[in-house]
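Residue numbers (my numbering): 103 to 271.
Printed below as a string of structure tokens:
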């Protein structure tokens with residue numbers, strides 16, 4: 103029981119850190135945009151809170167195994183599906199978050215709905231593409247680790263290579 107709890111906590115922390123970095127970069131980008139407009143706004147709290155929530159949701163989605171119907175297809179299809187699903191989830195959570203913050207501050211429901219990438223369909227598609235591409239490495243590493251084993255992946259990525267031994271390349 104303790105080993106499983108430790109493993110789940112490690113998975114959650116890895117997910118959280120990955121998402122915090124990803125979402126934190128979006129906040130920093132927004133900060134640059136706000137500064138260019140003469141505003142000063144940096145708030146990493148939303149990135150941290152969203153990373154915590156989305157990491158838990160991603161773990162729950164993994165247990166539900168929403169991609170199980172893709173098992174007969176190449177792993178690349180599962181990776182792409184999971185990245186698309188999480189992209190949609192992240193964008194939906196962002197809309198809900200902004201609407202709730204707007205309502206909390208007394209705005210109307212419509213005023214709280216955020217615009218992605220400057221607004222319109224093009225901005226939404228661009229932001230969705232950025233999130234999708236940012237999630238691909240995470241899901242790729244997850245599936246590669248399942249295929250070759252997490253210990254082997256860790257060894258490949260973090261152990262020193264022996265340049266005189268051809269098998270280490």
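We put the beta carbon where it would ideally sit given N, CA and C, even for glycine.
Is residue i close to chain B? Criterion is C-beta to C-beta, closer than 7 angstroms.
| i | result |
| --- | --- |
| residue 115 | No chain B appears in the structure shown, which is made up of a single protein chain. |
Below 7 angstroms between beta carbons: does that hold for residue i and residue j?
| i | j | result |
| --- | --- | --- |
| residue 241 | residue 157 | no |
| residue 284 | residue 153 | The structure shown does not extend to residue 284, since the chain is modelled only from 103 through 271, so no value can be given for it. |
| residue 191 | residue 183 | no |
| residue 125 | residue 149 | yes |
| residue 233 | residue 189 | yes |
| residue 146 | residue 129 | yes |
| residue 255 | residue 247 | yes |
Ends of the alpha helix (DSSP H) at residue i?
| i | result |
| --- | --- |
| residue 254 | 252 to 260 |
| residue 266 | Premise fails: residue 266 is in no alpha helix (DSSP H) and is neither H nor E. |
| residue 207 | Run containing residue 207: none; DSSP gives neither H nor E here. |
| residue 157 | 147 to 166 |
| residue 126 | 104 to 138 |
Taking residue i as the reference, which of the options has the closest Cα?
| i | options | result |
| --- | --- | --- |
| residue 177 | 232, 266 and 244 | 244 |
| residue 180 | 209, 237, 258 and 111 | 237 |
| residue 163 | 175, 229, 105 and 187 | 187 |
| residue 228 | 193, 239, 199 and 201 | 193 |
| residue 110 | 131, 160 and 127 | 160 |
Got a sec: does the ligand FAD put a non-hydrogen atom nearer than 6 angstroms to the Cβ of residue i?
| i | result |
| --- | --- |
| residue 128 | Only the bare structure without any ligand can be found here, which leaves the ligand FAD out of the picture. |
Is the region 158 to 169 touching the region 131 to 141 in the sense that three or more CB pairs, one from each, lie closer than 8 angstroms?
-> Using a Cβ-Cβ distance cut-off of 8 angstroms, the region 131 to 141 and the region 158 to 169 are not in contact, since fewer than three pairs of beta carbons, one from each stretch, lie closer than that value.
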